[in-house]
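These notes concern the structure reproduced below.
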Amino acid sequence: MDQFLGTAQLLNFADLNFGSAAGGLEYNMLDNMLQSPIPATPTPHDPGTAASMTFNKPDVLVKKYSPIPMPQTPPTHPATRKTSGPTRTPAAVYNEVRQPFNYAEGFHYLIRYVRERMGREDLMRISRALALFRPSFLALIMNLTEEDLVFMEKCLQRTLLEYEKLISFSGTPTVVWRRTGEICLVGKEFSLLTQWPRDVLMNKKTYIYELMDNGSTVEYWEKFSTHAFDSTDKSCTYSCILRTPTQKPVPCTFCFTIKRDIFDLPSVIVGNFLPLLS
Numbered sequence: 063m064d065q066f067l068g069t070a071q072l073l074n075f076a077d078l079n080f081g082s083a084a085g086g087l088e089y090n091m092l093d094n095m096l097q098s099p100i101p102a103t104p105t106p107h108d109p110g111t112a113a114s115m116t117f118n119k120p121d122v123l124v125k126k127y128s129p130i131p132m133p134q135t136p137p138t139h140p141a142t143r144k145t146s147g148p149t150r151t152p153a154a155v156y157n158e159v160r161q162p163f164n165y166a167e168g169f170h171y172l173i174r175y176v177r178e179r180m181g182r183e184d185l186m187r188i189s190r191a192l193a194l195f196r197p198s199f200l201a202l203i204m205n206l207t208e209e210d211l212v213f214m215e216k217c218l219q220r221t222l223l224e225y226e227k228l229i230s231f232s233g234t235p236t237v238v239w240r241r242t243g244e245i246c247l248v249g250k251e252f253s254l255l256t257q258w259p260r261d262v263l264m265n266k267k268t269y270i271y272e273l274m275d276n277g278s279t280v281e282y283w284e285k286f287s288t289h290a291f292d293s294t295d296k297s298c299t300y301s302c303i304l305r306t307p308t309q310k311p312v313p314c315t316f317c318f319t320i321k322r323d324i325f326d327l328p329s330v331i332v333g334n335f336l337p338l339l340s
């Protein structure tokens with residue numbers, strides 16, 4: 063999967079007449095997850111990856127300090143860094159973004175993650191959740207052109223500049239991530255809550271579900287799929303368990319709000335966490 067945006071002809075979605083290769087590839091990743099064979103039990107992680115793990119319990123993953131990174135693939139483009147540096151301006155965002163963001167890479171990682179770290183029942187629940195919003199996703203994305211997707215990415219990057227300011231003024235632990243779960247912004251309060259240094263989460267691809275236990279991950283995808291294309295309700299509140307770098311559980315009340323773009327696709331998700339004190 064070294065070149066996601068140049069392999070549309072290999073992935074058998076040309077018959078659907080997508081307006082862009084990037085949109086077709088993202089849909090294909092969702093489709094592959096639902097159609098591929100499902101293993102009966104979790105499998106060990108590939109030896110070549112950066113983190114090792116042991117399964118003490120079905121729901122507890124013990125791994126090294128940092129989240130497991132993506133396989134070595136070139137970045138989609140330099141404009142889509144997760145955080146806005148102090149010198150970034152709206153003009154810089156508009157000039158830097160020149161191609162669509164590669165969402166297929168995030169769904170590809172999700173497929174690997176759930177197959178390697180979850181049992182069959184959890185995997186089936188996530189697959190059913192993805193199947194729930196797949197038809198709506200297809201209807202919205204298949205006619206979007208490459209120019210539309212570039213415009214969407216420019217809007218997202220410009221939005222992140224404003225969210226970064228707002229989060230700095232808020233005292234609530236807050237994280238912002240894409241529809242694939244890839245973290246874009248982290249508030250300092252979230253780092254205080256979970257002990258995850260902001261630089262560790264921002265300097266490599268990190269997905270919000272990597273910071274949750276398995277049960278919370280499954281519930282998140284089920285609730286996301288229910289609300290992703292529901293125009294009457296964009297937010298959801300429930301409890302979840304976050305994990306510190308040492309795998310200590312942090313029970314939280316969790317509210318996430320889905321922000322949609324001009325084409326009504328889920329763009330970013332704003333998550334707020336408050337600890338549950340016993």
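All you need for our numbering is the position in the sequence shown, starting with 1, plus 62. Glycine included, each C-beta is placed from N, C-alpha and C at the ideal position. Bear in mind that the values here come from a model prediction, so they are computed numbers and not experimental data.
Quick one, which of Thr221, Val238, Cys217, Glu251 has its alpha-carbon nearest Phe231's? The residue with the shortest Cα to Cα distance from Phe231 is Glu251.
Bridge partners for Gly333 per DSSP, in chain order? DSSP output for Gly333 lists Val237, Phe318 as bridge partner(s).
Which stretch, first to last residue, makes up the alpha helix (DSSP H) that contains Arg179? From DSSP, the alpha helix (DSSP H) with Arg179 extends over 165–179.
Taking buried to mean at least 16 other C-beta atoms within 10 Å of its own C-beta, is Gln219 buried or exposed? Under this definition Gln219 is a buried residue.
Quick check on Ile303: does DSSP put it in helix, strand or coil? Ile303: strand per DSSP, three-state reduction.
Compute the Euclidean distance between the alpha carbons of Met115 and Asn205, then round it to the nearest angstrom. Note that Met115 scores 35 on pLDDT, short of 50, meaning its location in the model is unreliable; the coordinates nonetheless yield the value given after this. Going by the C-alpha atoms only, they are around 42 Å apart.
In three-state DSSP terms, what is Met204? When DSSP states are grouped into helix, strand and coil, Met204 belongs to the coil group.
For the candidate residues Ala83, Asn265, Phe318, Arg187, whose alpha-carbon lies nearest to that of Ser329? For Ser329, the nearest C-alpha among the options comes from Phe318.
Under 8 Å, do Leu254 and Phe335 count as touching if we go by C-beta distance? It is not a contact, given that the beta carbons lie outside the stated cut-off.
At least 3 beta-carbon pairs within less than 8 Å: the segment 189–204 vs the segment 299–319: Judged by Cβ distances under 8 Å, the segment 189–204 makes no contact with the segment 299–319, as fewer than three pairs qualify.
Answer yes if the segment 283–293 comes into contact with the segment 178–191, meaning at least three C-beta pairs across the two stretches below 8 Å, and no otherwise. A contact exists between the segment 178–191 and the segment 283–293.
Which term fits Pro337, buried or exposed, when burial requires 16 or more other beta carbons within 10 angstroms of its beta carbon? With fewer than 16 other Cβ atoms within 10 Å, it is exposed.
Can you tell me which of Glu208, Asn164, Val237, Gly233 puts its alpha carbon nearest to the alpha carbon of Ile320? It is Val237.
Identify whether Leu67 lies in helix, strand or coil by the three-state DSSP scheme. A caution first: Leu67 carries a pLDDT of 41, below 50, which makes its placement in the model unreliable, though a value can still be read off. Of the three classes helix, strand and coil, the one that applies to Leu67 here is helix, per DSSP.
Closest Cα partner of Tyr225 within the set His289, Glu183, Pro313, Ile331: Nearest of His289, Glu183, Pro313, Ile331 to Tyr225, Cα basis: Ile331.
Any chance the CB of Ser329 is under 7 Å from a heavy atom of the ligand HEM? The model depicted lacks the ligand HEM and carries no ligand whatsoever.
Less than 8 Å between C-beta atoms, sequence neighbours within five positions excluded: which residues of the same chain meet that for Thr221? Taking C-beta separations shorter than 8 Å and ignoring five residues to either side along the sequence, the partners of Thr221 in its chain run Lys321, Ser329, Val330, following chain order.
Should Glu215 and Val159 be called a contact, given that it needs their Cβ atoms to be closer than 8 Å? Closer than 8 Å, so yes.
Where Val362 and Tyr271 are concerned, what is the direct C-alpha to C-alpha distance, given to the nearest angstrom? With the chain covering 63 to 340 only, the question about residue 362 has no answer from this structure.
In this structure, does DSSP put Ile245 in helix, strand or coil? Strand, per DSSP.
Measuring straight from C-alpha to C-alpha, what distance separates Gly243 and Tyr269? Between Gly243 and Tyr269, the C-alpha separation is close to 5 Å.
Nearest to Gln257 by alpha carbon, out of Ile245, Pro307, Phe169? Nearest Cα to Gln257 within the set Ile245, Pro307, Phe169: Pro307.
Where the alpha helix (DSSP H) containing Leu327 begins and where it ends: Boundaries for Leu327: no alpha helix (DSSP H) harbours it, and the DSSP string shows neither H nor E there.
Reference His289; option with closest CA among Tyr156, Leu327, Arg260: Shortest Cα-Cα distance from His289 to any of Tyr156, Leu327, Arg260 involves Leu327.
Rounded to the nearest angstrom, what separates Arg241 and Ser340 at their Cα positions? Rounded to the nearest angstrom, the two C-alpha atoms are 32 Å apart.
Where Ser198 sits in the DSSP three-state scheme: Reduced to three states, the DSSP call for Ser198 is helix.
In angstroms, rounded to a whole number, what distance separates the CA positions of Ala166 and Gly233? For Ala166 and Gly233, the distance between alpha carbons rounds to 33 Å.
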